[in-house]
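K.L.:
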Amino acid sequence: MNRPSDPPKPRVQSIGSLVSQLISRRGYAQIAATDQFHEAIAAAVGKELAAEVTVGKLNRGVLKVFAKDSVTIQELTFQKRSIIKHITKQLPDAKVSDIRFAVLTK
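Those letters in the sequence shown? Residues 586 to 691, per my numbering, in order.
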């Protein structure tokens, strides 16, 4: 005798869990973090110089920052300590210990 089996019950998840999964899948958290890093850099070096910069990923405390040309990188290197200080002050949870600069290639 074959009994019809019960349909599988749906797994219930909290809204918070679903939202965090959506944010991580879509990369919204990375976009928000990148914007915050860029704002901290702009506070340290000024908006004009910050306009020449693109923020990369943070990996093991090292933030990758890309600039349009080597002259911009040289200026950023002079202000590196100030930039790290501003980032540490504005984003203490990020735990940035160093910044690596590179020329943005297309």
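Here a beta-carbon is modelled for each residue, glycine too, at the ideal position from N, C-alpha and C.
Computed from a prediction, not measured in an experiment: that's the story for all the values here.
Quick check on the DSSP output: the beta strand (DSSP E) that includes ARG685 runs from which residue to which?
P.N.:
First-last of the beta strand (DSSP E) with ARG685: 683 to 688.
K.L.:
Helix, strand or coil for VAL640 per DSSP?
P.N.:
Correct three-state label for VAL640: strand.
K.L.:
Going by C-alpha distance, which of PRO595, LEU689, ASP683 and ARG596 is nearest ARG645?
P.N.:
Of PRO595, LEU689, ASP683 and ARG596, the residue nearest in Cα terms is ASP683.
K.L.:
Give the DSSP-derived three-state secondary structure of VAL656 in the structure shown.
P.N.:
Helix at VAL656.
K.L.:
Quick one, which of ALA628, PRO595, GLN598 and VAL640 has its alpha-carbon nearest SER667's?
P.N.:
If we check each option's Cα against that of SER667, ALA628 comes out closest.
K.L.:
So VAL688 packs on ALA652, CB below 8 Å; how close in whole Å?
P.N.:
Sure, about 6 Å apart at Cβ, within 8 Å.
K.L.:
Could you please give the first and the last residue of the uninterrupted alpha helix (DSSP H) stretch that includes ARG645?
P.N.:
That residue, ARG645, is in no alpha helix (DSSP H); it is neither H nor E in DSSP.
K.L.:
I need the DSSP call for LYS649, collapsed to helix, strand or coil.
P.N.:
Correct three-state label for LYS649: strand.
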